[in-house]
Amino acid sequence: MSGGTYLGMPAFPEAAHEAVRNQTLRGNLRHATHTIRAKRANAVAEVSDWAELREAGKQIKDHTLRNLDTYLVRLEESVTAAGGTVHWAADADEANRIVTRLVKETGESEVVKVKSMATQEIGLNEALEAEGIRAYETDLAELIVQLGEDRPSHILVPAIHRNRGEIRDIFAREMGAWGRPAPEGLTDTPAELAEAARLHLREKFLRAKVGISGANFMVAETGTLVVVESEGNGRMCLTLPETLISVVGIEKIVPTWQDLEVFLQTLPRSSTAERMNPYTSTWTGTTDDDGPQNFHLVLLDNGRTDTLADEVGRQALRCIRCSACLNVCPVYERAGGHAYGSVYPGPIGAILSPQLRGTGSEIDASLPYASSLCGACYDVCPVAIDIPEVLVHLRERVVQGGPVTREGAKVVVKPAKGHAAERAAMRAARWAFSRPGALRAGQRLASRTRRFHPRTLPGPGRAWSDSRAVPTVPAEPFRDWWQRTRGGNQDRTQDGTRGGAQDGKDAAK
Amino acid sequence: MRVALFLTCVNDTLYPDTGRAVVRLLTRLGVDVDFPMAQTCCGQAHYNTGYRHEAEPLARHFAEVFGGYDAIVTPSGSCGAMVRELYPRMGARARAEGRGEGLATALAPVVPKTYELTEFLVDVLGVTDVGAYYPHTVTYHPTCHGLRSLGLGDRPRRLLRSVKGLELKELPGADECCGFGGTFALKNSDVSAAMGADKVRNAASTGADVLCAADNSCLMHIGGTMTRLRTGMRPVHIAEILASTEEEAV
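Protein chains in written order, with the UniProt record's numbering: chain R, 1 to 509; chain G, 1 to 250.
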């Protein structure tokens, strides 16, 4: 994945180091994720066939991915037949060039944007800015991020790391430079903040000639695109401008309208914990005298075909960007979204970024380890992506290297740097564990020297002992007690009663 | 029924009391339990850190050591999940890599015979009241792999509720990970420690004396955090509670 705005980020543990100590951030994230986590659980629990919907979503996505070539061609035909123009972009740079050219052809220097992960992934706003075109984000949270010259930290609620007070300050300080200033005496009540944003954005909707969006789904049989949203800003951007440009990842395709019935149930409940989202906009090409008269669809690959070639990792392409995995993730809750160094934070980001971008950079090689493998993400995923499985698969790629597909070609990647000591330790442990005698000798040595064990550990062990007491080694490992007593049976043969474990325990003292 | 205790390398080396408790408990319930001396490690730490190829010989060794038993009982949710969930996956990966059926065939026999301790008690022996006595206030932390990979459900709580003298306090945020995560505890120690501290604070809020779990690796992390935070609580493996009787307190 090229064109991303977050390359050069430090590895996850370093980035998380600061976030964990930021008490405001921890409080904001804890409050937000726990609230939505509980709401989602309720919204899902009231659906009696949730497990079947989840399985159906998984199968529809897997079927589509297996036949992606067929469905993409079908989509292109139906979009073209409906009056749209389809463009193919192999990577971020190509997508940015196409969109920039299309905007320039309209003669406009401003665009309004619907919240879109794909355009963030390719760094479209920055690419447009470099060509003198200003992109206005119109989703409330994206507006907060844009005005605050900040980065999004969540897929669904990009300003989740901000509280109301911080948002009030950003609005009061920055809105004037971008358009209509915030009202005098703005407070941090949600209604006032929303009204300030509404007034600020309204003049942009009414003025804009070009809208840019992504899409949640693309229906191959009809060429219909679907945007699911809560605020209505998307509906404005999709209907008011003369030209609409949609940048969509190739994996967002579904074969038929009927397939939508699954995802339009699972997506809102999983993401905003709503039974149905407030606005679902669908459009098919162009319609005379109604809505945008020019429609362009930019189909984005940017590492997706390479990801599809990996039989374990490809399940990440099922993702419908609901964010349920972020909201239940204990690591995300403490580290925050920025630590993931990508527009895709949280568990899904930890498996998506190292596949779309490869594991070459420090941040991407560290992401597969940004998880305790607790499995909460897999439990809530509405398309059953086994995120822990993919994390472990990618860890293997990081430490052992192996064959991968990059830019369509099979290549063998080398193991990432910085794992030599760990690899040696793992080999040594494997050697010892393959020989019960060696393991036993090690245990005995540890037991005999136990009085000399330090209470803080040197080297990498400090990562443990800085925050946790070191366990004490017992005087006798279990296997020695077992061999000595046969689990207490020798005691029984001696005196006819069961001394059992207690005798063994006493003997060990 | 020939029953083997798969104690795990961590318990064997650091927590022999847990092993003795399992032996005592199973013996009391009439199970003749054996400890095959050739056992070492299931390979979980290798596998989950990305060293699948180092884990393979350990998995084969496990299958050789335990293959002849009717049931394999382990007092560890995560090592149990390694065998039950990840051994089949390792076999399938080897097959997908064109290395044939060898690994899958070698590992297959031990997979359905491996039980986490509370599963073995409730599902195989069919008991929830094991005749234990433990006069303490206890809160229970369901560890992630037991909870989500093995689906232990309410089995541990049912066992604990039947213990005489034991007062069980519900742990707020019980199913949130404690932050151990194997090598995660070292590689992402800041986040791991923050998760551990939150878990310990939740446990302390229950007023219990003891935090109980079915996995000593997690308890090593939680207990180590408790010591540093000076909560006065103790981490105790569920086997030690269930093994305890009025005659013989653990």
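The beta carbon of each residue, even a glycine, is placed where N, CA and C say it ideally should be.
Keep in mind that this is a model prediction, so the values were computed, not measured.
- Excluding sequence positions up to five before and after G57(R), its CB lies within less than 7 Å of the CB of V262, F263, T266, P382 and V383, all in the same chain and listed in chain order.
- In this chain, C374(R) is not harboured by any alpha helix (DSSP H), its DSSP state being neither H nor E.
- Y340(R) is outside the set of residues whose beta carbon lies under 8 Å from a beta carbon in chain G.
- The criterion of a C-beta distance shorter than 8 Å is not satisfied by Q39(G) and C79(G).
- Counting only runs of 4+ residues, the alpha helix (DSSP H) found wholly inside the UniProt domain "Cysteine-rich" (138-222) of chain G occupies 155-161, 184-187 and 189-205, in chain order.
- Residue pairing for H87(R): DSSP places it in a beta bridge opposite V298(R).
- Within the region 216-227 of chain R, not one residue has a Cβ closer than 8 Å to any Cβ of chain G.
- DSSP places D123(G) in the helix class (H, G or I) of the three-state scheme.
- Listed by position along chain G, the residues whose Cβ is nearer than 8 Å to that of W464(R) are A185, L186, S189 and G224.
- Scanning G107(R), G303(R) and V228(R) for the CA closest to the CA of I122(R) turns up G303(R).
- Residue ranges of uninterrupted alpha helix (DSSP H) with 4 or more members, entirely inside the region 157-227 of chain R and ordered along the chain, are 164-178 and 190-207.
- When DSSP states are grouped into helix, strand and coil, G27(R) belongs to the helix group.
- DSSP links H237(G) through a beta bridge to A213(G).
- For E137(R), the secondary structure class from DSSP, reduced to helix, strand or coil, is strand.
- Out of D129(G), G173(G), A208(G) and E56(G), the CA that lies nearest to the CA of S244(G) is found in D129(G).
- Residue state for D288(R) is assigned as coil, using DSSP reduced to three classes.
- Look at R334(R) here: in three-state DSSP terms it is helix.
- The count of Cβ pairs closer than 8 Å, one atom from the region 455-473 of chain R and one from the region 215-231 of chain G, reaches three, so the stretches are in contact.
- Within the region 264-279 of chain R, contact with chain G at the beta-carbon level (separation under 7 Å) is assigned to no residue.
- Interface residue (Cβ-Cβ distance to chain R less than 8 Å): T128(G) is not classified as such.
- Non-local C-beta neighbours of G77(G) in its own chain, meaning closer than 7 Å and more than five positions away in sequence, comprise E116, T143, H145, G146, L150, L152, A214 and D215, ordered along the chain.
- As a beta-bridge residue in DSSP terms, I245(R) pairs with I212(R) and H296(R).
- In this structure I160(R) touches N28(R) by the C-beta definition: roughly 7 Å separates them, less than 8 Å.
- Spanning the alpha carbons of T80(R) and S48(R) requires a straight line of approximately 40 Å.
- Between A81(G) and V3(G), the gap from beta carbon to beta carbon reaches 8 Å or more.
- Around the beta-carbon of D190(G), 16 or more other beta-carbon atoms lie within 10 Å, marking it buried.
- By the Cβ neighbour-count rule, D301(R) is buried, with 16 or more other Cβ atoms within 10 Å of its own.
- According to the DSSP assignment, K252(R) belongs to no beta strand (DSSP E), since it is labelled neither H nor E.
- Residue contact check for W50(R) against chain G: no CB pair falls below 8 Å.
- Neighbourhood of G19(G) in chain R, by CB distance below 7 Å: F478, in chain order.
- The C-beta of E176(G) comes closer than 8 Å to at least one C-beta of chain R.
- Proximity of chain G to F452(R) at the Cβ level (cut-off 8 Å) is not reached, the minimal Cβ distance being about 17 Å.
- Residue state for Y369(R) is assigned as helix, using DSSP reduced to three classes.
- One thing to note: A197(R) has its Cβ no nearer than 8 Å to the Cβ of L186(R).
- Considering only F62(G), T183(G), R234(G) and V138(G), the residue with the shortest C-alpha distance to G165(G) is V138(G).
- A438(R) sits away from A446(R), with the two beta carbons spaced by 8 Å or more.
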